[in-house]
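Those protein sequences? They're chains Z and H, same order as listed. Going from the first sequence to the numbering used here is simple: count from 1 and add 356. Going from the second sequence to the numbering used here is simple: count from 1 and add 356. We treat Cβ as the ideally placed atom computed from N, Cα and C, and that holds for glycine. Predicted model, so just to flag it, every value in this text is computed and none were measured.
Protein chains: 2
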Amino acid sequence: MNPDAQILRSLRGAGEAGVSGAALAKSLGVSRAAVWARIEELRRAGYDIEASPHHGYRLHGSPDRLHADDLLARLGPIKVIGRDIQVFNETSSTNDIVEKLARDLVAEGIAVFAESQTKGRGRLGRRWSSPAGKGLWLSVLLRPNLAPAAATQLTVSTAVAVARAIEKNTGLQPGIKWPNDIVFGTRKCAGILLELGAELDHIKHVILGIGIDVNILAEEFPEELRPIATSLQAEAGHPIDRPSLATALLQELDAVYARLRAGDFHEIGDEWMRRCTTLGQRVTIRVADRVVTGRAEALDEDGALLVRTEHGRLEHIIGGDVSLAK
Amino acid sequence: MNPDAQILRSLRGAGEAGVSGAALAKSLGVSRAAVWARIEELRRAGYDIEASPHHGYRLHGSPDRLHADDLLARLGPIKVIGRDIQVFNETSSTNDIVEKLARDLVAEGIAVFAESQTKGRGRLGRRWSSPAGKGLWLSVLLRPNLAPAAATQLTVSTAVAVARAIEKNTGLQPGIKWPNDIVFGTRKCAGILLELGAELDHIKHVILGIGIDVNILAEEFPEELRPIATSLQAEAGHPIDRPSLATALLQELDAVYARLRAGDFHEIGDEWMRRCTTLGQRVTIRVADRVVTGRAEALDEDGALLVRTEHGRLEHIIGGDVSLAK
């Protein structure tokens, strides 16, 4: 962990008791002057750090900005996801950045955030609006030992992690709409885009893209999106602290990924089914050129949706666009 | 088509009759001096072109080198595969080159050859030896409208195209070993590596890597490979013209891809089954951590291998490593 992350972790751990410059200098193995310089740098980045002769340094507040060192400091013990974090002020798309990292053979677990994306994208090449500072736009690199057909397990697990993080951090209770929308009623607040590099029987890497509309006011959505889009702030009635939510999200992603690797997808699948608003409904699903209408019944062991058609046939659906059947 | 490709196509079309410098200059819309300069360039590249007052230019021989313009000139009408051709003298891996083209949003159909690869690779990250001038090492970019689960159709189709091209060009009759080896008896002469970039329900691009051991002498294979590796020259007893084989290969790839897009995979699947040496055998197949033993019975509509296990269960196999069961 780098010095800024260590300082922030110490300050958060000490709370109102504070931590002395001498103690920080010792744990970092640098001079007190060097600690002072780092503290000044953090203050310039928006951290409200008080220095007093009695208490040493105390952290009173953090900026509403994503800061890689601070996220690392907040995370605590994690297994894979969040081992390394990068934050861009602006980028084309965090998935593009992570794709490049994947090609450079970077290890799995790295998470890349951007305060804004100029070419954020959703599924099937659709545009994803990512206004600066108003959401969480991130991508995570994974190298799971899964057959390509089981990649749906990852989408399902990610949806569960996003729903959990929102619930823990805000108290709100979002639903999941097949395959990967996080919703309040009929309005979407977050989406997941999974891209993979694979051989026929072997996944080389997965890029997990997540976009959460956090602090966007209802009236800030374009007119045509208002019936189908919402944000956490719009639902909660107050702004949400993005760095805390980002931390909770990485922790929950790491937790579900650990379950998945342990072969416990069924547990996650069960939670997905409890949270899913699509199950039990009559739905129409478009997958490529095909349209399937029927009752969404359950998730299978690979994470595919089981839809019972009018003719009683059980279809295994991967991905697709869902609408409620009339 | 560029001037060199046009000149070579005219020369090949005219044969012994030859074609005059004036005619070439007219069809290219350039001066006779410019034609002469191009001819000189082609001679330096190894083309045996005679110039005579009576016959004009006549092509007597081509070098045993891959030449993008010449391949374009030889191809004749094609639909997709071979629309554009690049030839590298040496590269890390033609799949790497095409992956970069895929990211740059290049249209499907481009074929990239290398006379040698420094980091040629086979399936599952295995090394693929690609000695200079002794084989065909190429990759083709495709953007098929298929679900990832149907990508096996492409491997099956590619194996059929490679087998056909070898048969047409050499008279040899290679077999196909599941999933993608081209074999003579128990010895492999060609392999196929399919890599894909995908979303869950949607292929973004496929890189079709093909390696054919053409003019490698039996004694040139490392000792440990001799029982399992062979080349077309070793089988035919004489060297094989690589540019002709490359042309036949692109034509056959284009033909099967057209059938596939027309929804006629079953035809290709039937041909695959006729050529396959694995069907009817008792086999042991390793797919990731799983081992399946049983009788290889047929191909399903997605291109998966159907294996009947001892317990009578029918397993759908994608990829994997096959060995004959003891």
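Here the alpha carbons of V468(Z) and E523(Z) stand approximately 22 angstroms from one another. A distance below 8 angstroms separates the beta carbons of T474(Z) and S448(Z). In this model, N536(H) and R479(H) are separated by some 10 angstroms (Cα to Cα).
Sequence-distant partners of P419(Z) (beyond 5 residues in either direction) whose C-beta falls short of 6 angstroms from its own C-beta, in its chain, are G402.
Taking a cut-off of 8 angstroms for Cβ pairs, the stretch 418-437 of chain H and the stretch 604-619 of chain H touch, as three or more such pairs fall below it. Between Q637(Z) and A654(Z) a beta carbon distance of about 12 angstroms is seen, past the 8 angstroms cut, so the two are scored as non-contacting. Secondary-structure assignment with DSSP links R642(Z) through a beta bridge to V647(Z), D677(Z). DSSP places D569(H) in the strand class (E or B) of the three-state scheme. Between the stretch 591-606 of chain H and the stretch 569-578 of chain H, the count of Cβ pairs shorter than 8 angstroms is three or higher; the stretches touch. Of the candidates R430(Z), G650(Z), D425(Z), T450(Z), the residue whose Cα lies closest to the Cα of I441(Z) is D425(Z). In this chain, the beta strand (DSSP E) harbouring H416(Z) covers 412-417.
Beyond the five residues adjoining it in sequence on each side, L670(H) comes within less than 7 angstroms, by CB distance, of L662, R664 in the same chain, given in chain order. For the C-beta of N501(H), the chain Z residues within less than 9 angstroms are, from N- to C-terminus, A644, D645.
Just measuring C-alpha positions, the residue of I559(Z), P578(Z), A585(Z), R459(Z) sitting nearest T542(Z) is A585(Z). Fully enclosed beta strand (DSSP E) runs of no fewer than 3 residues occupy 638-643, 646-655, 661-665 of the stretch 585-670 of chain Z, in order along the chain.
Taking one beta carbon from each stretch, the stretch 619-631 of chain Z and the stretch 500-514 of chain Z have 3 or more pairs nearer than 8 angstroms; the two touch. Listed by position along chain H, the residues whose Cβ is nearer than 7 angstroms to that of R479(Z) are E555.
Counted as a single uninterrupted DSSP element, the beta strand (DSSP E) harbouring K533(H) occupies residues 531-533. Here DSSP, grouped into helix, strand and coil, assigns E397(H) to helix.
Listed along the chain, the chain H residues whose CB falls inside 7 angstroms of the CB of P504(Z) are P504.
The three-state reading of DSSP puts N445(H) in strand, counting E and B together. Using a Cβ-Cβ distance cut-off of 8 angstroms, the stretch 481-490 of chain Z and the stretch 452-469 of chain Z are not in contact, since fewer than three pairs of beta carbons, one from each stretch, lie closer than that value.
CA-to-CA, the gap between R582(Z) and F444(Z) works out to about 28 angstroms. By the neighbour-count definition (other C-beta atoms within 10 Å, threshold 16), S408(Z) is an exposed residue. For a Cβ distance threshold of 8 angstroms, residue set L556 of chain H lies close to T511(Z), ordered along the chain. Take the alpha-carbon of D360(H) and the one of A644(Z): they are about 42 angstroms apart. Each of A517(Z), A590(Z), L556(Z), V539(Z) was checked against the Cα of L564(Z), and the nearest Cα belongs to A517(Z).
Under the three-state reduction of DSSP output, D420(H) falls in the coil class, being neither helix nor strand.
Interface with chain H (8 angstroms Cβ-Cβ cutoff): I674(Z) is included.
In the three-state scheme derived from DSSP, where H, G and I count as helix and E and B as strand, V518(H) is classed as helix. With a contact defined as Cβ atoms closer than 8 angstroms, I405(Z) and L367(Z) qualify at about 7 angstroms. With a minimum length of 4 residues, the unbroken runs of alpha helix (DSSP H) contained wholly in the stretch 437-501 of chain Z fall at 450-459. A residue is called buried when at least 16 other Cβ atoms come within 10 angstroms of its Cβ; R477(Z) meets this threshold and is buried. Per DSSP, A370(H) lies in no beta strand (DSSP E) segment; the continuous alpha helix (DSSP H) that holds it begins and ends at 359-370.
Close to chain Z, meaning a Cβ-Cβ distance shorter than 9 angstroms, are the following residues of the stretch 546-577 of chain H: L549, L550, E551, L552, G553, A554, E555, L556, D557, H558, K560. The Cβ atoms of R499(Z) and H558(Z) lie no closer than 8 angstroms to each other.
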